[in-house]
Amino acid sequence: FAIKSLILAAHCSTERTMRARLDGFKNRLQAKDDEIGRKNLEMEALANTLKEAQAENKRLQSELEKGREARAEVDHLKAELEKEKAHSTVLTDYYNLTEPKMEALRQEVSKAEASAAEESRRFSREMAKTT
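If you want it as structure tokens, here you go:
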């Protein structure tokens, strides 16, 4: 009976030790499971942050493209303006070259009109004399 008691006591002690070790494993396993849950939440938060950053990046890329298009339009308009300035310069130069000639022609016309008027008056006087 004493041996049985010893064996039983040893068995109970071993069982308590094994249960204590098993409880320790369960506690560590639960702690690891909790840690995995926290890490999963962190990963979800990071994934959401990444999605938001990607959406913002896409929006900024769109804004950048609009800016590039606007810049191209501005460059096009500047080129058109330069063409217009060059054309205006050519026209101004042409006007400046031809204006003295036009003034001379106006003076010739004025002289011719005055001469024609004088000729008309003289003709009228002569006609009056002959009648």
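Just add 20 to the spot in the sequence shown (first one is 1) and you have the working numbering. Positions of the beta carbon are idealized from the N, C-alpha and C atoms, including for glycine. Computed from a predicted structure; not experimentally measured.
Give the straight-line distance between the Cα atoms of residue i and residue j, rounded to the nearest whole angstrom.
i	j	result
Leu6	Gly87	The chain is shown only over 21 to 151; residue 6 falls outside these bounds and no answer can be derived.
Thr69	Asp43	39 Å
Arg48	Asn60	18 Å
Cys32	Gln50	26 Å
Ser25	Glu64	57 Å
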